[in-house]
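Asks: I'd like to ask some things about the structure below.
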Amino acid sequence: MQEHNLKVETWATDKVKPYKNNPRQIPQSAVDKVAASLTEFGWRQPIVVDKQGVIVVGHTRWLAAQSLGMESVPVHIARNLTAKQIKAYRIADNRVGEDTVWDADLLKIELEDLAAGGFDPVSVGFEEVEGLQMLAGEGENDPQAEWQGMPEFNQPDATAHRQIIVNFKDDEAVEDFGKLIGQEITPKARSIWHPEEEIARYADKRYVAEA
Numbered sequence: 121m122q123e124h125n126l127k128v129e130t131w132a133t134d135k136v137k138p139y140k141n142n143p144r145q146i147p148q149s150a151v152d153k154v155a156a157s158l159t160e161f162g163w164r165q166p167i168v169v170d171k172q173g174v175i176v177v178g179h180t181r182w183l184a185a186q187s188l189g190m191e192s193v194p195v196h197i198a199r200n201l202t203a204k205q206i207k208a209y210r211i212a213d214n215r216v217g218e219d220t221v222w223d224a225d226l227l228k229i230e231l232e233d234l235a236a237g238g239f240d241p242v243s244v245g246f247e248e249v250e251g252l253q254m255l256a257g258e259g260e261n262d263p264q265a266e267w268q269g270m271p272e273f274n275q276p277d278a279t280a281h282r283q284i285i286v287n288f289k290d291d292e293a294v295e296d297f298g299k300l301i302g303q304e305i306t307p308k309a310r311s312i313w314h315p316e317e318e319i320a321r322y323a324d325k326r327y328v329a330e331a
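In the working numbering, the protein residues as written are 121 to 331.
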């Protein structure tokens, strides 16, 4: 196991260069959240660059610093990594975070504690509505809650009585069958629905192949 030797330098923000082939797309919303984090908590992670000053990890932090008008940023130079290791690290740093999941119950407890201390969920990276849903125990963590209070409605049962596969001997037979049921048969018309009310409902529709 290698011992850490994390030396951090202060660089001018414009000296840092983004990696032109960065496969990770960064939406403005992510930049705004990191900018809010930097404003609230300050710098706690440096931007990692290679020997040429090209970002290895930390593109979002760099963009956030630019948006805040910061003239300098903390930088760590990955001097002991090869070009291939840097390429792999750049991808791995973004990829591994995708495998994590939230424990909804514990997250709710933490957010409640932060809210009691005056912290807005937005300050820790949640959208306002998303944060409120987390605090209420609703939304994506409780799909049934989204339907609470919704008006009930009745819908006729239009379930197909039976679905069959029909093989035709040629295109002419297909066209004849289409005329029989009042439908234009195209490559996108893959099935015929019963009961008759469904056929009547769509009898005046035409399925365009280019659609």
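Built from N, CA and C at the ideal position, the CB exists for glycine as well.
Keep in mind the model is a prediction, meaning the values are calculated, not measured.
1. Which partner residues does residue 168 have in the DSSP bridge list?
2. Ordered along the chain, which non-local residues of its own chain (more than five positions away) have a Cβ less than 6 Å from that of residue 310?
3. Does residue 140 come out as helix, strand or coil in the three-state DSSP assignment?
4. Using 8 Å as the Cβ pair cut-off and three pairs as the minimum, do the stretch 173 to 184 and the stretch 145 to 165 touch?
5. My output table needs one value for residue 304: the three-state DSSP class, helix, strand or coil.
6. Going by the DSSP bridge assignment, what does residue 130 pair with across the sheet?
7. Quick check on this structure: which residue in 164, 190, 126 has the alpha carbon closest to the alpha carbon of residue 136?
8. Drop a sphere of 10 angstroms on the beta-carbon of residue 166, count the other beta-carbons inside from all chains shown, and report buried for 16 or more, exposed for fewer.
9. Use the C-beta contact count for residue 65: other C-beta atoms within 10 angstroms, 16 or more gives buried, fewer gives exposed.
10. Just verifying my parser: in three-state terms, what is the DSSP assignment at residue 186?
11. What number of angstroms, rounded off, separates the C-alpha of residue 245 from the C-alpha of residue 144?
12. Residue 357 lies in the alpha helix (DSSP H); which residues open and close that run?
13. Can you check whether the CB of residue 196 is closer than 8 Å to the CB of residue 138?
14. So, at 8 Å on beta carbons, what are the nonlocal neighbours of residue 237 in its own chain, with the 5 sequence-adjacent residues on each side left out?
15. Who are the near neighbours of residue 146 in its chain, counting only those whose CB is closer than 7 Å to its CB and skipping five residues on each side?
16. If residue 169 and residue 210 are in contact, beta carbons under 8 Å, what's the gap, nearest whole angstrom?
17. Hey, residue 198 and residue 206 are a contact pair by Cβ (cut 8 Å); roughly how many whole angstroms apart?
Replies: Answer, in terms of the structure:
1. 177, 196
2. Interpretation of residue 310 is limited by its pLDDT of 45, a score under 50 that renders its predicted location unreliable; the figure taken from the coordinates is listed afterwards. Around residue 310: no qualifying Cβ.
3. coil
4. yes
5. coil
6. 194
7. 190
8. buried
9. Residue numbering for the chain in the displayed model covers 121 to 331; residue 65 lies beyond these limits and cannot be assessed.
10. helix
11. 18 Å
12. Look at the range of the chain in this structure, 121 to 331, and you will see that residue 357 is not part of it.
13. no
14. none
15. 179, 180, 183
16. Not really, about 11 Å apart at Cβ, beyond 8 Å.
17. 6 Å
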